[in-house]
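These notes are about the structure you will find just below.
Protein chains: 2
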Amino acid sequence: MSYKIPFNKPHITSKETEYILQAVESGKISGDGMFTKKCHDFFEKRYGFQKCLLTTSCTDALEMAAILINIKPGDEVIMPSYTFVSTANAFVLRGASIVFCDSRPDHPGMDEEKIEELITAKTKAIVPVHYAGVACDMDKIMKLANQYRLFVVEDAAQAIDSYYTFPDGTRKALGGIGHLAAFSFHETKNLQCGEGGMLVINDPQFNNRAEIIREKGTNRSAFFRGEVDKYGWVDVGSSFLPSELNAAFLFAQLESLDVIQEGRKRIWTFYYDNLKKADKAGIKMPVLPKYATNNFHMFYVLCKSLEQRSLLINKLKSSDILSVFHYQSLHKSSFWEIENKVYELNNSDFYSDSLLRLPFYFTLSESDQNLIVNTILDSLNLSD
Amino acid sequence: MSYKIPFNKPHITSKETEYILQAVESGKISGDGMFTKKCHDFFEKRYGFQKCLLTTSCTDALEMAAILINIKPGDEVIMPSYTFVSTANAFVLRGASIVFCDSRPDHPGMDEEKIEELITAKTKAIVPVHYAGVACDMDKIMKLANQYRLFVVEDAAQAIDSYYTFPDGTRKALGGIGHLAAFSFHETKNLQCGEGGMLVINDPQFNNRAEIIREKGTNRSAFFRGEVDKYGWVDVGSSFLPSELNAAFLFAQLESLDVIQEGRKRIWTFYYDNLKKADKAGIKMPVLPKYATNNFHMFYVLCKSLEQRSLLINKLKSSDILSVFHYQSLHKSSFWEIENKVYELNNSDFYSDSLLRLPFYFTLSESDQNLIVNTILDSLNLSD
Chain A
415 MSYKIPFNKP HITSKETEYI LQAVESGKIS GDGMFTKKCH DFFEKRYGFQ KCLLTTSCTD
475 ALEMAAILIN IKPGDEVIMP SYTFVSTANA FVLRGASIVF CDSRPDHPGM DEEKIEELIT
535 AKTKAIVPVH YAGVACDMDK IMKLANQYRL FVVEDAAQAI DSYYTFPDGT RKALGGIGHL
595 AAFSFHETKN LQCGEGGMLV INDPQFNNRA EIIREKGTNR SAFFRGEVDK YGWVDVGSSF
655 LPSELNAAFL FAQLESLDVI QEGRKRIWTF YYDNLKKADK AGIKMPVLPK YATNNFHMFY
715 VLCKSLEQRS LLINKLKSSD ILSVFHYQSL HKSSFWEIEN KVYELNNSDF YSDSLLRLPF
775 YFTLSESDQN LIVNTILDSL NLSD
Chain B
415 MSYKIPFNKP HITSKETEYI LQAVESGKIS GDGMFTKKCH DFFEKRYGFQ KCLLTTSCTD
475 ALEMAAILIN IKPGDEVIMP SYTFVSTANA FVLRGASIVF CDSRPDHPGM DEEKIEELIT
535 AKTKAIVPVH YAGVACDMDK IMKLANQYRL FVVEDAAQAI DSYYTFPDGT RKALGGIGHL
595 AAFSFHETKN LQCGEGGMLV INDPQFNNRA EIIREKGTNR SAFFRGEVDK YGWVDVGSSF
655 LPSELNAAFL FAQLESLDVI QEGRKRIWTF YYDNLKKADK AGIKMPVLPK YATNNFHMFY
715 VLCKSLEQRS LLINKLKSSD ILSVFHYQSL HKSSFWEIEN KVYELNNSDF YSDSLLRLPF
775 YFTLSESDQN LIVNTILDSL NLSD
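Residue numbers (the numbering used here), protein chains in the order written: chain A, 415 to 798; chain B, 415 to 798.
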């Protein structure tokens with residue numbers, strides 16, 4: 415089914431196909447060619463990440479993280495229930511037991527105050543998810559991790575070009591704070607290449623092994639740098655590296671990052687300014703904690719109930735506009751039922767039922783946004 | 415380092431970038447869009463595969479296979495030692511113990527006569543690798559699998575457009591015989607999209623779960639077909655599906671398959687006809703068992719010794735030509751040392767030391783081939 419105003423549209427900035435042709439002409443379209451290198455350099459310089467490795471998806475970056483921190487059967491990993499399945503599956507695939515934390519009352523991110531009570535002797539890692547690109551309280555999370563000697567893997571799928579300010583005023587890019595972090599360049603993200611992701615390594619102890627794991631468990635990268643005489647099978651691993659086709663496409667987007675972000679800011683602000691009055695119908699606008707920045711990844715509202723959300727989705731549909739809900743609490747999934755662990759995570763369930771995402775893409779026009787806003791206000795009997 | 419005649423060059427047939435632009439204009443560049451569907455349809459129709467699913471790599475297709483046949487710690491999987499690390503790692507990641515089989519005396523494929531003695535009560539699967547696109551003796555392998563109730567996963571990375579003829583005269587495409595099969599569309603393959611692969615499912619018992627595992631462990635595909643009311647987390651899984659950018663690129667190549675194969679046949683035949691005389695220096699040409707076809711994936715010769723091979727590689731290098739050896743026996747890798755299982759696999763070691771791959775790509779010219787052939791014959795003092 416297609417809509418006059420879809421939920422998402424991928425976009426081309428200008429040079430995507432030109433760069434793809436350059437990759438073909440360079441004689442290399444498999445992974446780790448010149449465009450992959452350009453992307454790595456861009457992210458490392460712009461955000462101060464210690465080391466970046468493009469992957470075929472954010473899922474794959476999370477799987478690399480799970481291998482790197484040596485997750486074994488029985489290890490516990492704490493994460494929000496209100497997240498994408500891959501946050502959990504990446505660790506389940508290595509045998510981890512997932513321990514779910516509730517969301518914050520004011521924001522879908524995990525409630526930092528509820529993490530400590532979930533830590534046991536088996537806990538190996540905390541995986542904060544920066545929902546909508548809005549930072550979790552990383553100061554609190556990193557302090558807990560230091561205290562209990564845990565790894566922190568930031569699920570920064572939605573969080574490119576967003577920042578966290580520590581209590582002492584230091585500002586760091588999201589994805590640059592935990593030991594490891596995973597980004598997504600899926601077509602719904604600010605920067606995109608269809609399917610794609612990136613592992614960020616902030617703790618250099620993981621640098622060498624990350625290269626090996628990404629190269630199918632071989633020391634091929636060290637070989638090409640002349641550090642070893644021959645290369646071979648030295649570890650587990652997979653083919654986590656993306657094609658140069660994807661890296662070339664992504665690099666064109668990086669060059670337009672500021673333009674993209676400016677456009678997304680305009681779209682986000684228009685929604686925010688024009689939908690504020692929906693609070694009269696019990697609808698809440700997104701909240702930005704003072705330590706966080708907005709990267710304009712998505713625009714969502716919180717309906718007062720599942721019924722209200724369904725009403726809005728249906729009204730928008732009848733105007734040929736696709737709006738969508740987002741995650742369903744993972745602790746309520748049928749996969750989780752077999753674990754037989756009962757959770758009561760009321761905030762997570764609230765976001766499952768009430769969060770509504772509106773169409774959001776770089777080329778969304780103001781007239782289309784006007785139609786969306788008016789349809790919502792009409793449905794709530796709030797039109798001027 | 416780049417060479418005047420490299421070992422490989424990717425190629426564009428004609429429509430690759432046009433199709434990529436079409437994908438962007440269609441509003442979908444993430445996975446499972448119209449080009450992925452076109453690729454699936456093409457392969458299913460042309461080769462009679464029951465169900466095809468594009469993946470981000472052949473490695474990922476093998477990992478899907480390992481999950482689908484429920485590999486658990488302790489399960490044994492039989493495969494050749496002369497293969498790519500991913501053949502093994504895909505199963506090692508699920509906890510399997512790898513059992514290595516020697517290669518045939520006449521061909522790098524696994525020796526079908528040596529499989530049965532490796533089967534134990536713990537054996538779960540046999541993974542034949544169709545080296546250079548040349549079939550393993552699938553009749554023998556499938557009979558063993560039936561007798562001992564084992565799964566067969568064909569590693570068909572190099573084997574697109576190649577066939578096996580059963581003793582009764584039935585001919586089947588490689589990848590269409592085992593329960594599951596994995597193909598590669600890496601830039602060195604006949605059909606390419608930089609990095610890419612495909613899982614082929616010949617046993618329909620795996621159809622539903624394969625879709626779920628590929629969609630991050632969710633029943634999203636069934637949801638979009640209207641088979642379930644809502645979708646959620648139902649299984650383990652990963653993000654195995656490639657971007658439409660890659661599928662669009664690949665589909666352009668599929669449309670040119672016959673042209674590509676014709677070109678590769680010409681290149682292969684030129685090498686074969688002009689290098690036959692190297693037998694005077696103890697160099698052997700590739701052998702094609704009578705049940706197999708040639709898909710012209712690569713051209714290799716077997717040198718009489720490691721020394722002779724090194725001589726040829728160096729002589730070619732000094733003429734600015736890159737030739738390469740291939741796999742090192744996995745049972746001799748440093749990763750395998752920790753297993754403390756000693757193998758004597760003389761044929762596998764022979765191919766590790768003696769097999770030499772010559773430059774092979776669609777746009778390789780006859781004059782370049784002449785230079786390669788003459789450099790080899792000169793080095794062996796066999797020039798006319």
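Note that CB positions come from ideal geometry on N, CA and C, so glycine has one too.
Assigned exposure category for residue i - 16 Cβ within 10 Å defines buried
| i | result |
| --- | --- |
| T789 of chain B | buried |
| T777 of chain B | exposed |
| G445 of chain A | buried |
| I574 of chain B | buried |
| I626 of chain A | buried |
| N621 of chain B | exposed |
| V567 of chain A | buried |
| F638 of chain A | exposed |
| R680 of chain A | exposed |
| L689 of chain A | buried |
| P581 of chain A | exposed |
C-beta neighbour in chain A for residue i, strict 9 Å
| i | result |
| --- | --- |
| L744 of chain B | yes |
| D763 of chain B | no |
| I434 of chain B | yes |
| C515 of chain B | no |
| P703 of chain B | no |
| I422 of chain B | The amino acid occupying residue 422 of chain B in the given sequence is Asn; Ile does not appear at that position. True, the Cβ-Cβ gap to chain A drops below 9 Å. |
| V438 of chain B | yes |
| D474 of chain B | yes |
| I727 of chain B | no |
Cβ of residue i within 9 Å of any chain E Cβ
| i | result |
| --- | --- |
| C607 of chain B | Among the protein chains of the structure shown, namely A and B, there is no chain E. |
According to DSSP, residues forming a beta bridge with residue i
| i | result |
| --- | --- |
| K465 of chain B | B:I615 |
| M493 of chain B | B:F514 |
| E758 of chain B | Bridge partners of E758 of chain B: none, in fact. |
| T632 of chain A | A:W647 |
| M524 of chain B | B:S517 |
| F565 of chain B | B:A539 |
| A596 of chain A | A:D569, A:L613 |
| S653 of chain B | B:E629 |
Whether residue i touches residue j by CB criterion (9 Å)
| i | j | result |
| --- | --- | --- |
| M493 of chain B | V541 of chain B | yes |
| G631 of chain A | S657 of chain B | no |
| Y714 of chain B | R771 of chain B | yes |
| E601 of chain A | N422 of chain A | yes |
| A502 of chain B | A662 of chain B | no |
| I735 of chain A | L785 of chain A | yes |
| L435 of chain B | T683 of chain A | no |
| S793 of chain A | K729 of chain A | yes |
| G651 of chain B | V614 of chain B | no |
| K644 of chain B | Q742 of chain A | yes |
| A559 of chain A | G523 of chain A | no |
| A624 of chain B | L759 of chain B | no |
| S495 of chain A | S762 of chain A | yes |
Host beta strand (DSSP E) of residue i (start-end)
| i | result |
| --- | --- |
| A539 of chain A | 537 to 540 |
| T579 of chain A | 577 to 579 |
| R771 of chain A | 769 to 771 |
| Y714 of chain B | 714 to 716 |
| R585 of chain B | 585 to 587 |
Residue range of the unbroken alpha helix (DSSP H) whose run includes residue i
| i | result |
| --- | --- |
| R628 of chain A | 621 to 628 |
| S781 of chain A | 780 to 793 |
| L796 of chain B | Careful: L796 of chain B lies outside any alpha helix (DSSP H) and carries neither H nor E. |
| Y741 of chain A | No alpha helix (DSSP H) contains Y741 of chain A, which DSSP labels as neither H nor E. |
| A546 of chain A | No alpha helix (DSSP H) contains A546 of chain A, which DSSP labels as neither H nor E. |
Minimum Cβ-Cβ distance from residue i to chain B less than 9 Å
| i | result |
| --- | --- |
| H600 of chain A | yes |
| C453 of chain A | no |
| I426 of chain A | yes |
| C466 of chain A | no |
| F620 of chain A | no |
| A504 of chain A | yes |
| L507 of chain A | yes |
beta-carbon residue i near the ligand HEM non-hydrogen atom, thresh 8 Å
| i | result |
| --- | --- |
| K418 of chain A | In the structure shown, the ligand HEM is absent, as is every other ligand, since no ligand is present at all. |
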